[in-house]
Amino acid sequence: MRATTRWMTGAAAAAWCALAASGCGGSDGTGPGGGPDLQTVRCTQEFGDPAASPYQLPFQPGATRRLIQGYCPSNPNWGHHGWLAYDFDLAIGDTILASRAGNVSFVEQSWPDGDRICGHENSVWVVHDDGTVMSYVHLTPGGALVEAGRRVAAGEPIGLSGDSGCSSGPHLHVALFADRSSFDKENTLPLNYHDADGPVDARHGLVQGAGYSVLEP
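For the sequence shown, our numbering begins at 124 and goes up steadily by one.
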């Protein structure tokens, strides 16, 4: 059964169908008109001190999860090219936790695992109190543990990981959006986690291929 809110109708599917579009400017970091390429600006910004991040890792402590796709990979054939987004190597049925408190705005859980069809992503979307929005995508069918309209706390279980929609295998995709105006790459924000035990790059973003676990309190 699908649960949606009015503002999210069709937005998740549109965003995922746009993943293959790179939106690249020139190889020298300039846009089509010779000015700064906005994608370069977006992908090279500073992520901030992880210790000051309001976000926590979206999975339970006790295991190391590999970041199988990081933000803004240089290869345009990768799905995250131009996107500030992360893919964590979670198995089907692994518990997903809310990274920050907020209100559940959209739930989709009707699609099967493994059909590889864009727009068939099961997901949970949470709006935080500052208006930013977090997407948790590729849940298993029936894998939502919350309903639209529900208030969730940081660290609360909200879903079960899966392999639905545009996916090459089981994992959890997360992205942070500035607001509800758009769910395209242009509206994604830098994201790191205050409780992540693992490396960060020079901009303090998570590193593709690295393993991450929850820091001991």
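All residues carry an ideal CB built from backbone N, CA and C; glycine is no exception.
Quick caveat: nothing in here was measured; it's all calculated off a predicted structure.
query: Below 8 Å, how does it come out for the segment 213–228 and the segment 274–281: are there three or more Cβ pairs, yes or no?; result: yes
query: Alpha helix (DSSP H) containing LEU161: first to last residue?; result: 161–166
query: Which two residues bound the contiguous beta strand (DSSP E) that contains ARG189?; result: 188–192
query: Which first and last residues belong to the beta strand (DSSP E) in which ALA271 is found?; result: That residue, ALA271, is in no beta strand (DSSP E); it is neither H nor E in DSSP.
query: Taking ILE191 as the reference, which of GLU339, GLY332, LEU338 has the closest Cα?; result: GLY332
query: Keeping to the same chain, check which residues put their C-beta closer than 7 Å to that of THR311; ignore five residues upstream and five downstream.; result: TRP206, LEU207, ALA208, ALA298, LEU299, PHE300
query: Please classify ALA208: does DSSP put it in a helix, a strand, or coil?; result: strand
query: Is the beta carbon of TRP248 less than 7 Å from the beta carbon of SER233?; result: no
query: According to DSSP, is GLU309 helix, strand or coil?; result: helix
query: Specify the secondary structure class of ALA224 as computed by DSSP and reduced to three states.; result: coil
query: Secondary structure at ALA298, three-state DSSP: helix, strand or coil?; result: strand
query: Would you kindly work out how many angstroms separate the C-alpha atoms of GLN162 and ASP324, rounded to a whole number?; result: 18 Å
query: Could you check the C-alpha separation between ARG303 and ASP253 for me, to the nearest Å?; result: 11 Å
query: Out of LEU329, SER290, TYR259, THR167, which has the shortest C-alpha to C-alpha gap to THR218?; result: TYR259
query: Taking buried to mean at least 16 other C-beta atoms within 10 Å of its own C-beta, is THR187 buried or exposed?; result: exposed
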